[in-house]
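Enquirer: In our numbering, the protein residues as written are 6 to 246. Starting off with a structure, shown below.
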């Protein structure tokens, strides 16, 4: 886990403590969309050292921190609700995985590559939801991602939703956790209908599964198949800049 990611997580933790101590609703919400959009537009990497196993130590930290946020968010109405800006919501109603975060075989090239998100299967037209409050950075066609929605949640945190069949939000639009933002599809570099879902902190893709806690996470892991559904190549993403 990079220093920038650790710094961002520390800021989240300090914000949580400050909000709880003051007993007020402090918004971690960004005031506007990012003016400088993350230049790392490839959801794959040839750096295989960024494997899922190398992130296992970080998983416990993420799970613990965001479990505390979830508890704050689900507490009484008097409890501050800054936790709504942390992406612990479900991007779809029925969670299953066809491809996990980490090294996998690219379904197009057959080569081992680092997958920077998770693939969630479903029929074309399946509703896709924002996993936290935020502001839309992108809602557009983005080469191998196909139709992509990118949301910034403040404190250097972003989520990405790729391969959508339909975009239902606009850039600079303010969205809420659980809001419908698009419909699942197979646009871009894809071999079947699914959602490519990413979480990024300080520009670095991290494993989304620790954000999906309890029975939801266990159910997703148990239903994961070995089928890889594809995604954009580095060449395609560079061409889309």
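Where a beta carbon is used, it is the ideal one built from N, C-alpha and C, also for glycine. Here the structure is a predicted model, which is why all the values come from computation and not from measurement.
1) So, does the CB of residue 185 fall closer than 8 Å to a CB anywhere in chain C?
2) Among 210, 179 and 198, which one has its Cα closest to the Cα of residue 126?
3) Mind checking residue 92: buried by the 16 CB within 10 Å criterion, or exposed?
4) Since residue 153 sits in a beta bridge, which residues does DSSP pair it with?
5) Going by DSSP in three states, residue 180 sits in which element: helix, strand or coil?
6) Assuming residue 146 contacts residue 155 under a Cβ cut-off of 8 Å, what Cβ separation, rounded to an integer in Å, is found between them?
7) Which of the three DSSP states is assigned to residue 214 in this structure?
8) DSSP three-state call for residue 108: helix, strand or coil?
9) Quick one: Cα of residue 121 to Cα of residue 107, how far?
10) Label residue 114 either buried or exposed according to how many other C-beta atoms from any shown protein chain fall within 10 Å of its C-beta, with 16 as the threshold for buried.
11) I believe residue 217 touches residue 100 by the beta-carbon criterion, under 8 Å. Please report the beta-carbon distance rounded to the nearest angstrom.
Expert: Taking the definition as stated:
1) Given the protein chain composition of this structure (a single chain), no chain C is represented.
2) 198
3) buried
4) 145
5) strand
6) Going by Cβ atoms, the distance from residue 146 to residue 155 rounds to 13 Å, so no, they are not a contact pair.
7) helix
8) strand
9) 7 Å
10) exposed
11) 7 Å
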